[in-house]
Amino acid sequence: MSMPMKERITSVDRQRTWEGEIPFHYEYTAGVSGERFLRGLQRGKILVPKCGNCGRSYLPPRAYCTNCFLEITSYVELKPTGRVSALAESHVDFQGRRSKPRTFAFVTFAGVTGGLVHFAEGKGLRIGSSVRAKFKPAAKRKGTLLDIETFVKT
Amino acid sequence: MRRVAVIGAGMTKFRRRMLETGRELSFEASRMALDSAGMEIKDVESVVMGTAPDAFDGIHMKGDYLMDGAGGTDKPYSRVYVGGGTGVFAPVAGWWHVASGLFDSCLVVGEEKMSPLRPHPQYAFWSIFDHTLERPLGVTLLWIFSLEMRRYMHVHGVTEEDIALVSVKNKGNAMDHPCAQLPARITVDDVMKSEPICLPVKRLDVSPTSDGAAAVMLVSEEVARKYTDDPVWVDGVGWNVDTQYWTNRDLYYPRYVEKAARMAYKMAKIDNPRKQIDFAEVYDPFDYKELHHLEGVLLADKGEAPKLTREGVTQRDGDLPVNPSGGLLGVGNPIAAAGTMKVCELFWQLRGEAGKRQVKKEVNRGLAQAWGDLLQVGTVITMRR
Ligand SMILES: [Zn+2]
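Protein chains in written order, with the working numbering: chain A, 1 to 154; chain B, 1 to 385.
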């Protein structure tokens, strides 16, 4: 027992293994604030919670002010135009497979704490570019993040 | 070690399927605990989150995810975890944050959102079993509980009807809890006739799966005096973990719970628990578990708990009220939140703020206990006026 296993096994093919999986499946809720935000997207609006105490607005949306630790119940509509704060281009999907290159950006909005990560496009897109949310046609929106198709350089 | 006081408590409703995210549940409970203490988050020096397997919420590393709902952002924040016993372990961790002198305050939050996992949260337990020696049988967690319940019945000559009395009592107690998920007036007969799950365990022997959160505010003596004339003191804490091989324990008696209780009793200078503890919130995910745990924490002799239950000693107006909250069987069982709910109940009972749930006798000291992992962790806290 003094020798580590890795030195004793000379061929991994000789190891017996048992296949298994941790097969979890989930149905998530968006939450009180998330639901409000997503229903906004469905109507073509970016709605953000605004703290009645300190006046901060937040993205991603949340049901409480992280500054004051108080509940937030009021929402304001943002102009769908933001600014690219950072961007990158993905060539590999989340399982490590080669995928069609896609540009995504961190978009911030005037007066809002935080921002949204989403797809972005447009010739000459760079940090500082002004981008506008391009919504799907109303009939195709489902109240999900992808109701915004992408952000397009203005 | 410094004295540690509890000066606030809060909890959400416990429900089968909530719209609120785990973060939002954590916020609601935390906010209520702060309000109850008269504190703001800026007054809080540290935060401890207790939450059970990531597999329930379906968010990997959910301690991080839940953090800002518990007010932990930009503070010394940590998540603690000992399986199902986490809900009482988190306040124990909060206690050492303050008792050690490291912090003057610690907000402790227990959270669980079990509803996302489909088809049933029970599924999360499949992969805790040994992949070559247990899983091939198609084992479920209920197998162990059923074996344990049967073993307990066999050793002490306990009947299923005796055990059903616990479910009747706790679901009845929960009628007075505003957050309760499954309050009900039922009879022993209802329990006996409920659908078989894994016999001898039947539907009404089992607590529900739930979403919810609960929180308590722990502070040093100096801080406590600033906020209240009526603090409740944590005077004993203990925990213990038995072997993970459930085949290497005698299932009829939770000796790890006894060891956890003895650790807490030593600290609290309790040498006769039955005389020095006025009421108890012991972990009751199954009705037989209340009996098991009452014996484990030495509030009943081995095999005596069913008799105390039959004689009404453990009723809210009895000599030793047990689970006056309604317990997991009645209030609900969002794992870590359920344990912390029991600590909240100690606070409310000891302050005389339990409303319709207030136990009849005067109470000066209470015990809360939780249990979990693969049947082998015991966590205990005692609190007094
Ligand atoms: Zn604010």
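Each residue gets a CB set at the ideal place from its N, CA and C atoms; glycine is no exception.
Cβ-Cβ distances below 7 angstroms link residue 152 (chain A) to 121, 122, 131, 132, 134 in the same chain, with the five nearest sequence neighbours on each side left out; the list follows chain order. When the five nearest sequence neighbours on each side are left out, the beta carbons in the same chain lying within less than 7 angstroms of the beta carbon of residue 62 (chain B) are those of 22, 51, 54, in order along the chain. For residue 235 (chain B), the enclosing beta strand (DSSP E) begins and ends at 232-241. Across the structure, residue 268 (chain B) and residue 382 (chain B) are spaced so that their CA atoms are roughly 8 angstroms apart.
For the stretch 151-177 of chain B, the full-length alpha helix (DSSP H) segments reaching 4 residues or more read 160-173 along the chain. Contacts with chain A at 7 angstroms (Cβ-Cβ) do not include residue 138 (chain B). DSSP, reduced to helix, strand and coil, places residue 85 (chain A) within a strand of the structure shown. Around residue 116 (chain B), the beta-carbon contacts reaching into chain A at under 7 angstroms are 26, 27, 28.
For a Cβ distance threshold of 8 angstroms, residue set 24, 27, 31, 69 of chain B lies close to residue 64 (chain A), ordered along the chain. Counted as a single uninterrupted DSSP element, the beta strand (DSSP E) harbouring residue 118 (chain A) occupies residues 116-121. Taking C-alpha positions only, residue 81 (chain A) is separated from residue 40 (chain A) by approximately 15 angstroms. Closest in alpha carbon position to residue 80 (chain B), among B:92, B:73, B:69, is B:92.
For residue 185 (chain B), same chain residues with a beta-carbon under 8 angstroms away, outside a window of 5 residues either side, are 171, 172, 175 in chain order. Only residues of its own chain outside the window of five on either side were considered, and among them 188, 191, 192, 204, 205, 287 have a CB closer than 8 angstroms to the CB of residue 164 (chain B), listed in chain order. When DSSP reads this structure, residue 61 (chain A) sits in no beta bridge, so it has no partner. Between residue 212 (chain B) and residue 337 (chain B), the C-beta spacing is below 7 angstroms.
Put simply, the stretch 36-47 of chain B touches the stretch 90-109 of chain B. At least three CB pairs are less than 8 angstroms apart. Residue environment analysis places residue 342 (chain B) among the buried positions, since at least 16 neighbouring C-beta atoms fall within 10 angstroms of its C-beta.
If only complete runs of 3 or more residues are kept, the stretch 84-141 of chain B shows the beta strand (DSSP E) at 105-113, in order along the chain.
Cβ proximity to chain A below 8 angstroms picks out 135 from the stretch 134-161 of chain B. 63, 64, 66: these are the residues of the stretch 38-68 of chain A whose beta carbon lies less than 7 angstroms from some beta carbon of chain B, given in chain order.
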